[in-house]
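Q: My structure is below; once you've seen it, I'll send some questions.
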Amino acid sequence: MSELSSFLEKRVHVITSDARFFEGKLEGYDKSTNIILSNCIERIIYSKDDEGEENEEISLGVYIMRGNEIVCVGEIDDELYKSINWETLKGHALKTTKNSLK
């Protein structure tokens, strides 16, 4: 995925197929879209319906993610990022993108 080359050494958000939300500095990637993030954190953002639940920020350090689990990678806009209050932000849960047989 040569599109990732423009994100190297930049802070990015990553959404995975199981609806998890990560951010960190993109250190590297390969042809299978496996990526390496440094200073990685996982953000868990609860909805308004989850009364009493506080958003979480889990520090992961250097983190390797498998390409087949990655749905979206996007560069972080630092100016916009600074304006977000991550502690009070609420949102709807993302649905999984994994295929399932019924």
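Residue numbers (this note's numbering): 3 to 104.
Beta carbons are placed, not taken as given, at the ideal position from N, Cα and C, and that holds for glycine.
Remember, predicted model here, so these are calculated numbers, not experimental data.
Based on Cα-Cα distance, which residue from Glu-53, Asp-79 and Asp-51 lies nearest to Glu-25?
A: That would be Asp-79, whose Cα lies nearest to the Cα of Glu-25.
Q: Considering Cα atoms alone, identify which of Lys-50, Ile-17, Ser-61 and Leu-91 is closest to Ile-37.
A: Of Lys-50, Ile-17, Ser-61 and Leu-91, the residue nearest in Cα terms is Ile-17.
Q: Under a three-way DSSP split, which group does Gly-93 fall into?
A: Gly-93 falls in the coil class under three-state DSSP.
Q: Could you give the distance in angstroms between the alpha-carbon of Val-14 and the alpha-carbon of Leu-62?
A: Each residue's alpha carbon lies about 15 Å from the other.
Q: Apply the 10 Å Cβ neighbour rule to Val-75 and answer buried if 16 or more other Cβ atoms are within range, or exposed otherwise.
A: Burial call: buried.
Q: Tell me the rounded alpha-carbon separation between Glu-59 and Ser-34.
A: So the two alpha carbons sit approximately 28 Å from each other.
Q: Looking at Lys-27 and Glu-11, is the spacing between their C-beta atoms short of 8 Å?
A: Going by C-beta atoms, Glu-11 is nearer than 8 Å to Lys-27.
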